[in-house]
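For the sequence shown, our numbering assigns the number 395 to the initial residue and increments by one for each residue that follows.
For reference, the structure is listed below as structure tokens.
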Amino acid sequence: MKTTNKLFVSCEQAKHICDKNQYGEASVLEIIKLNIRLIYCKVTRAYSKRNTKLTKTLKKSNIQSFSSSEKQVMKQRLQEELTK
């Protein structure tokens, strides 16, 4: 019979928990498991660091998107230019 330790997670599980943690969706137990994994796993630490950096960059970027009506106007203009 295989025994598993409930506090140790695989690298893939830790990455998933890290993603959830970035969006505030991780439970307290998952955060504890992630922190334990971060102590001894360089790969997970690097992933967490890159994930945090990406999240901060996206928040700072102030990305704005077009509304659906603006997109439609752009498509029409593009089609007009292509038919010339």
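A virtual CB, placed ideally from N, CA and C, is assigned to each residue, including glycine.
First and last residue of the uninterrupted alpha helix (DSSP H) at residue i
| i | result |
| --- | --- |
| tyrosine 417 | Counting along the chain, tyrosine 417 falls outside any alpha helix (DSSP H), and DSSP gives it neither H nor E. |
| glutamine 470 | 462 to 477 |
| asparagine 445 | 436 to 455 |
Burial state of residue i (16 or more Cβ within 10 Å)
| i | result |
| --- | --- |
| leucine 472 | exposed |
| valine 403 | buried |
Sequence-distant residues of the same chain with beta carbon closer than 7 Å to residue i, five excluded per side
| i | result |
| --- | --- |
| glutamate 406 | none |
| glutamine 458 | none |
For this session: Spell out a yes or no on whether the segment 437 to 452 and the segment 404 to 417 are touching, meaning 3 or more CB-CB pairs, one atom from each, closer than 8 Å.
Result: yes
For this session: Mind the definition here: the segment 425 to 440 touches the segment 451 to 459 only if three or more C-beta pairs lie below 8 Å; say whether that holds.
Result: Inter-segment contact for the segment 425 to 440 and the segment 451 to 459 is absent: fewer than three beta-carbon pairs are separated by less than 8 Å.
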